[in-house]
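For the sequence shown, the working numbering assigns the number 283 to the initial residue and increments by one for each residue that follows. Positions of the beta carbon are idealized from the N, C-alpha and C atoms, including for glycine. Note that the structure is predicted; figures quoted are calculated from it, not measured. Single-structure report; data block below.
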Amino acid sequence: MSVIFRTGDDISRIQNKIIDQIIVITSLLGGVVIALSLLGVILFGPRTTSLVHASVFALVLVLNFSKNRFPPVPKLILLLVLLQSDILYSVYHDGYISSAKIVMTILPVFVSFICKVRKAIVFLIFMLAAHLIMGYFHIVGVFQPGLNLTAYSSEPFAWIMDCAIIAFSSLGLMYVAKTYNEAILENSLLIKAQNEEIINREKKYEILFQSSNDAILLIQGLEIVDCNEKTLDLFKSTREELIGRKISDLSPEKQPDGQVSTEKAEKIVESIYNGLESKAFDWVHVKSNEEVFYASVSIKLVKLHNNRYIQSVVRDITREKEIEMELIAYQDQLKHILDDRTEELEETNQQLSQTNEELKQTLEQLKQTQAHLIESEKMASVGILTAGISHEINNPLNCILGGLYKLKDTVANPQDYVEDEDIDEVRGETIEIIDDGVTRIRDIVKSLNHFNRVNDELLQPCNVHAVIENCLRILKYELHGQVVSKDFNSDELMILGNDGKLHQVFLNLIHNADQSTDQSGEITLSTRLSDDGKRGVISVKDTGSGITAEDLPHVFDPFFTTKPPGEGVGLGLFIVYQIIKEHHGEITIRSNENGTEVLLELPLAV
Numbered sequence: 283m284s285v286i287f288r289t290g291d292d293i294s295r296i297q298n299k300i301i302d303q304i305i306v307i308t309s310l311l312g313g314v315v316i317a318l319s320l321l322g323v324i325l326f327g328p329r330t331t332s333l334v335h336a337s338v339f340a341l342v343l344v345l346n347f348s349k350n351r352f353p354p355v356p357k358l359i360l361l362l363v364l365l366q367s368d369i370l371y372s373v374y375h376d377g378y379i380s381s382a383k384i385v386m387t388i389l390p391v392f393v394s395f396i397c398k399v400r401k402a403i404v405f406l407i408f409m410l411a412a413h414l415i416m417g418y419f420h421i422v423g424v425f426q427p428g429l430n431l432t433a434y435s436s437e438p439f440a441w442i443m444d445c446a447i448i449a450f451s452s453l454g455l456m457y458v459a460k461t462y463n464e465a466i467l468e469n470s471l472l473i474k475a476q477n478e479e480i481i482n483r484e485k486k487y488e489i490l491f492q493s494s495n496d497a498i499l500l501i502q503g504l505e506i507v508d509c510n511e512k513t514l515d516l517f518k519s520t521r522e523e524l525i526g527r528k529i530s531d532l533s534p535e536k537q538p539d540g541q542v543s544t545e546k547a548e549k550i551v552e553s554i555y556n557g558l559e560s561k562a563f564d565w566v567h568v569k570s571n572e573e574v575f576y577a578s579v580s581i582k583l584v585k586l587h588n589n590r591y592i593q594s595v596v597r598d599i600t601r602e603k604e605i606e607m608e609l610i611a612y613q614d615q616l617k618h619i620l621d622d623r624t625e626e627l628e629e630t631n632q633q634l635s636q637t638n639e640e641l642k643q644t645l646e647q648l649k650q651t652q653a654h655l656i657e658s659e660k661m662a663s664v665g666i667l668t669a670g671i672s673h674e675i676n677n678p679l680n681c682i683l684g685g686l687y688k689l690k691d692t693v694a695n696p697q698d699y700v701e702d703e704d705i706d707e708v709r710g711e712t713i714e715i716i717d718d719g720v721t722r723i724r725d726i727v728k729s730l731n732h733f734n735r736v737n738d739e740l741l742q743p744c745n746v747h748a749v750i751e752n753c754l755r756i757l758k759y760e761l762h763g764q765v766v767s768k769d770f771n772s773d774e775l776m777i778l779g780n781d782g783k784l785h786q787v788f789l790n791l792i793h794n795a796d797q798s799t800d801q802s803g804e805i806t807l808s809t810r811l812s813d814d815g816k817r818g819v820i821s822v823k824d825t826g827s828g829i830t831a832e833d834l835p836h837v838f839d840p841f842f843t844t845k846p847p848g849e850g851v852g853l854g855l856f857i858v859y860q861i862i863k864e865h866h867g868e869i870t871i872r873s874n875e876n877g878t879e880v881l882l883e884l885p886l887a888v
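Set out below in structure tokens:
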């Protein structure tokens, strides 16, 4: 059997096993006693002693078979009660010569293996007291020995019984001793192995402790009790100089926060001893050469050999602190620079605000100037109108004036006409000439009325063909000698637009075409529908000198012109472009050395 005292449960198991083995041995003894008792009954007849011994050990046999049902202590108590009862009866019957006295010396020993020694001594005292009481009763004659010493000692049964008691008592004691001896031996080997493991573990911890890149100190109270090699290197000290010193001795008088180093260290240590598991903080230490350095400290409570220590891990962070302070200084510098720049920006912003206000005023002036120039461009268009109108009106006026002179002459000099019929005929022809002149002037005025609708923002159906015809009528004098071809797709092309502004568009385009074309050139005006049938396409094409590739992207820019100074401000096509956009249309110019074509696309009136 192998028994190892590893835990309290193992010891209880061993004790229970010893109790069970004692019960088994006692049962075997009981079997022998019962057999001898039966033999004695056969040889000598029934005896009270034999019956008592047989009864007691019969109960021990019952206990043996039911021992697994009882806990260890109740089993031990039952066994002791049965054995003590048998011993007391044996002393009562046999007196001083009772062989059961041998068992009295063994039972306390058994009890000491199972229970504490104090309980075993109490049990021994109880047994001695019971034995002395029984002896007292025998001395005073209350109890009389139930057998003759000479006769009993000459019986083989008595000697056999004594041998059985001695043998089984010795076997029980040897078994208990053997069990504990094996357990002690096994446990001594286990303890040795555990000690070796502890030694190896301590060596590993020592290696880790000494080879750590951080300084590690073991502190009790405020006193340093151990440290590793890194600590000696960090503090520029020897072990003898550090061991036994207080941790506050390795610190300046005060910490950066103004607290006294000793008082602050005591508070931190006290908090750890009072239950705070660990704490990390920054600290300022002093080396043995009076050099001050910043450290990151991490402390924790540890237990070694039932003593409480504080393990302190110290790392030099002086360089990190210097970088941190440099960063703070750099941040302050940046803040000052930022503040200065902010003031400069505020001043610049004020200047920009003032400049912006000036720019607004300048822009407003430019807008006003542009508006004036646009009006000037419109006035230029009026000049074109005026030149054409003056010529167109002049001819019918001459006819009207001539007719009036003729009528006056028929009234003043009727004698110049031979007959009345001649006067009436002359007057009729003259009136027709005057009527024709008035009609021609009326048509011209009617054409001019279309130009009065420029400021009307309402878009309504307009006949593009009629607009073009009106513009040609106005520009008839200017186009004198110019070949103008018309290729209209139908009698009328109705688009949604402003009648006056459309007159201004085509007046400008036809005028530009006339200016870029010499007398041998040709102007072609054509209309058609777009491919999707939703827009009208109007083409104004000439065979003039064309527009250069460099100038073509800029023709719609305001104030862009290729004409000599005094002949234009460059707003004609700009105004045309704006009007077409207002009509949700598109304008495209194609040009080369053979001439220019302006294409207009305008939505049809639904």
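Residue i classed as buried or exposed, judged by whether at least 16 other C-beta atoms fall within 10 angstroms
| i | result |
| --- | --- |
| H747 | buried |
| K512 | buried |
| V584 | exposed |
| T712 | buried |
| Y612 | exposed |
| D368 | buried |
| T387 | exposed |
| M416 | buried |
| F408 | exposed |
| C753 | buried |
| C509 | buried |
| T637 | exposed |
| K357 | buried |
| I750 | buried |
| G877 | buried |
| S470 | exposed |
| P835 | exposed |
| D291 | For D291, the predicted model reports a pLDDT of 49, less than 50, meaning its position is unreliable; a value from the coordinates is still stated below. Under this definition D291 is an exposed residue. |
| G826 | buried |
| F392 | buried |
| L410 | exposed |
| Q632 | exposed |
Span of the beta strand (DSSP E), counted from its first residue to its last, around residue i
| i | result |
| --- | --- |
| S594 | N589 to D598 |
| H836 | Element bounds for H836: n/a, residue is neither H nor E. |
| S808 | E804 to L811 |
| A887 | No beta strand (DSSP E) contains A887, which DSSP labels as neither H nor E. |
| Y759 | Careful: Y759 lies outside any beta strand (DSSP E) and carries neither H nor E. |
| V579 | V574 to L586 |
| S543 | No beta strand (DSSP E) contains S543, which is instead part of the alpha helix (DSSP H) from S543 to Y555. |
| D824 | R817 to D824 |
| S530 | Where S530 is concerned, there is no enclosing beta strand (DSSP E), given that its DSSP letter is neither H nor E. |
| K561 | S560 to V568 |
Residues of its chain near residue i, where Cβ-Cβ distance is below 6 Å and the 5 sequence neighbours each way are ignored
| i | result |
| --- | --- |
| V880 | L791, V822 and I871 |
| L364 | V338, L341 and V342 |
Cβ neighbours of residue i in the same chain (closer than 7 Å, five flanking residues each side left out)
| i | result |
| --- | --- |
| D833 | T844 |
| P743 | M776, L778 and A887 |
| P534 | S543, V566, V568 and V574 |
| N346 | I305, V306 and S309 |
| V736 | Model confidence at V736 stands at a pLDDT of 49, short of 50, so the residue's coordinates are unreliable and nothing is read from them. |
| R288 | For R288, the predicted structure reports a pLDDT of 44, less than 50, and the residue's modelled location is therefore unreliable. A value from the coordinates is still provided. There are no such residues. |
| D302 | K349 |
Beta-carbon proximity list for residue i, same chain, < 8 Å, skipping 5 on both sides
| i | result |
| --- | --- |
| L514 | T520, R521 and L524 |
| H587 | none |
| P354 | S294, Q297, N298, I301 and I396 |
Extent of the continuous alpha helix (DSSP H) to which residue i belongs
| i | result |
| --- | --- |
| H420 | V399 to I421 |
| Q860 | G854 to E864 |
| R521 | R521 to L524 |
| D515 | E511 to F517 |
Any non-hydrogen atom of the ligand FAD within 8 Å of residue i CB
| i | result |
| --- | --- |
| L472 | In the structure on display, the ligand FAD does not appear, and there are no ligands present to speak of. |
Segment contact, 8 Å Cβ cut-off, at least three pairs: the region 839-846 with the region 773-787
no
Pair every Cβ in the region 590-598 with every Cβ in the region 613-622, then say whether three or more of these pairs are closer than 8 Å.
no
Please confirm if the region 518-525 is in contact with the region 533-545, defined as three or more CB-CB distances below 8 Å between the two stretches.
no
Taking three-plus beta-carbon pairs below 8 Å as touching, is the region 801-816 in contact with the region 762-773?
yes
Those runs of the alpha helix (DSSP H) which lie wholly inside the region 771-801 and span at least 4 residues
781-797
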